[in-house]
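Trainee: Residue 1 is where the sequence shown starts when you use the UniProt record's numbering, and the numbers rise one by one after that.
Quick one: the structure is below, questions incoming.
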Amino acid sequence: MVCTNAFSSLLSRALVRATAHSASPLSTRSLSTRTLNTLRTNNLARPTTALGASWTKAAPSSTFSTRSAALMVKARFQSTVTASGSTTASTTAAATATTTAKAATAAPEIVVKPIVGYWMMTISAMTFGIVVVGGMTRLTESGLSIVEWNLIKGMKPPRSQAEWEEEFEKYKQFPEYKILNHGMSLEEFKRIFYYEWSHRMLGRAIGAAFILPGLYFASRGMLSKAIARRSWIIGGLIGFQGALGWYMVKSGLDEQLMSTPGATPRVSQYRLAAHLGSAFLIYTGAFMTGLKVLTDYNISKGAYESLASAINNPILKRFKGAAHGIVALVFFTAISGAFVAGLDAGLIYNEFPLMGGRLMPPVGELFDSKFVHDGDHPTVGLWRNMFDNQVTVQFNHRVLATSTFTAVSALFLYSRNLPLPPQARLGVNLLMGVACCQVGLGIATLLYMVPVSLGTAHQAGSLTLLTSALYLMHSLKKVPVLKKIPLK
């Protein structure tokens, strides 16, 4: 308005001067020749809201008024000011439209049938189950009860008394029985045997549930190249996981434990963390592939057209990046929990939030010199202390867990003022709720010195929290407006 009033004042003065010299043939030349020619050519009236009136018809060129020309220039100036003001308001909408247009012009993808997505979801659900059973197996100290690996023969458990006695005798030859369970009865052995046997059988079931339907889908041409590639990776991880599981068990059957003073027969915490991490990767791959298949199929049916502009909104770019970071943070926190489990580090400092009456334990406990061996490089001793020291391992898990909860809370608060689509809103609310439950389970597990029930629930909670983070990340994936080509 200030610019407009100033311009009007200057223009009025110019009109007074132009009127005084109206008899001069040069009066109409005070305006640019190009402007006058344009105005004379366009004789039709143009409504102008800024002037508050409309023109009916321009005067002939011989009687063209200088005042009329000046008013038209003023109208155009005011129109330019109005247009520039509206440009800023439409920036976000234009950017969203550009993002959507780019997605729409991308090459169409082949969409597979929903049954493939349900297959992947089944694999992820079975993987969730085996993680829970594996946690129970570890907490009941049953993981070393079966001392050999037979893919086919191992499917059949002992039936007769003689078979049970034979299996028990095999177990007696290894350090866990000699050091920890000396004097165990046959009935007690049966109980821990069935935990480990159930864990292994569930692993075999996952392999069969993956291979048989996978071969059928591939033979019928029901897998696109992208989904087939993902399936190969998931299948390779499943096979690797089986071998890694036995490699982990072997670490607890090492006879050298008998000659090591103060040694406790248990699996390597490094191999345990790798085993859990591999299971999480299988779960993530199957879950995200299942979501992709089902979502892409719905997109091909036009189900997401109304949400495309909301999901593709550039305002959500930072939020999407933060959601990816939450997934990584949850994953590494869970892996740090595997080190706590492998070292029984949950059985010390059973209080929260303090550790021995302080926020962090004494430096002498955090960095114990006994983990630095003669001839070691200082860096090697530091890393060994970080992953072998019970106090340091528990402290690391506390720090990561607190960081994860803080990050999730910050993301939740940040999301309150964002225009999230319904799926993303559900995802962030679910993530916040599960994070609160997981923190409560973790604290209770520590305070009660890791009972089987709470420890199992805490491990299941870690995978549930990862599921929530993955769902949020998937719900923010850009949606192309272009309908994709369904696979026949």
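Don't be surprised by glycine CBs; every beta carbon is placed ideally from N, CA and C.
Reducing DSSP to helix, strand and coil, say where F405 ends up.
Mentor: helix
Trainee: Touch check for the stretch 283 to 295 and the stretch 361 to 381: three-plus C-beta pairs under 8 Å?
Mentor: no
Trainee: Would you identify the three-state DSSP class for I146, choosing helix, strand or coil?
Mentor: coil
Trainee: Give the range of the alpha helix (DSSP H) segment to which H474 is assigned.
Mentor: From DSSP, the alpha helix (DSSP H) with H474 extends over V452 to S475.
Trainee: Measuring only the C-alpha atoms, how far is T295 from M136?
Mentor: 34 Å
Trainee: What runs of the alpha helix (DSSP H), each 4 residues or longer, lie entirely inside the stretch 282 to 334?
Mentor: Within the stretch 282 to 334, complete alpha helix (DSSP H) segments of at least 4 residues are found at 308 to 311, given in chain order.
Trainee: Could you check what DSSP says for S268 in three-state terms: helix, strand or coil?
Mentor: coil
Trainee: Using a 10 Å radius around the Cβ and a threshold of 16 neighbouring Cβ atoms, would you call E196 buried or exposed?
Mentor: buried
Trainee: Give me, in chain order, the residues of the same chain whose beta-carbon lies closer than 7 Å to that of M473; leave out the 5 immediate sequence neighbours on both sides.
Mentor: A323, H324 and V327
Trainee: Could you compute how far the alpha carbon of T404 sits from the alpha carbon of I311?
Mentor: 25 Å
Trainee: Closer than 6 Å by C-beta to V450: which residues in its own chain qualify, once you throw out the five before and the five after it? Chain order, please.
Mentor: G346
Trainee: Following the continuous alpha helix (DSSP H) through I192, name the residue where it begins and the one where it ends.
Mentor: L186 to S219 is the span of the alpha helix (DSSP H), which, as asked, contains I192.
Trainee: Tell me the DSSP secondary structure of V132 in three-state form.
Mentor: helix
Trainee: Between the Cα of G321 and those of G134, V408 and Y216, spot the shortest distance and give me the residue it belongs to.
Mentor: V408
Trainee: Per the contact definition of three or more C-beta pairs closer than 8 Å, is the stretch 222 to 232 in contact with the stretch 174 to 183?
Mentor: no
Trainee: Assign D388 to one of three DSSP states: helix, strand, or coil.
Mentor: Look at D388 here: in three-state DSSP terms it is helix.
Trainee: For M355, does the count of other Cβ atoms within 10 angstroms reach 16, so buried, or fall short, so exposed?
Mentor: buried
Trainee: Figure out for me which residue from R271, V391, G262 and V131 has the closest Cα to the Cα of L466.
Mentor: Of the candidates R271, V391, G262 and V131, the one whose C-alpha sits nearest the C-alpha of L466 is V131.
Trainee: With DSSP collapsed to three states, give me the class of M120.
Mentor: helix
Trainee: Candidates Y270, L446, A469 and I110: which alpha carbon is nearest G342's?
Mentor: Y270
Trainee: Mapping the DSSP letters down to three states, classify H373 as helix, strand or coil.
Mentor: coil
Trainee: Using a Cβ-Cβ cut-off of 7 Å (strictly less than) and excluding sequence neighbours within five positions of Y304, which residues of its own chain qualify?
Mentor: N298 and V479
Trainee: May I ask you to report which of helix, strand or coil DSSP gives S84?
Mentor: Only weak support exists for where S84 lies, its pLDDT of 43 falling under 50; the coordinates are left without a value.
Trainee: Which residues bound the alpha helix (DSSP H) around R229?
Mentor: K225 to S251
Trainee: Could you tell me how far apart the beta carbons of Q394 and V340 are, in whole angstroms, since I believe they sit closer than 8 Å?
Mentor: 6 Å
Trainee: For the stretch 190 to 210 against the stretch 141 to 148, do three or more pairs of beta-carbon atoms, one drawn from each stretch, fall closer than 8 Å, so that the two count as touching?
Mentor: yes
Trainee: Going by DSSP, what residue range makes up the alpha helix (DSSP H) through M432?
Mentor: P422 to L447
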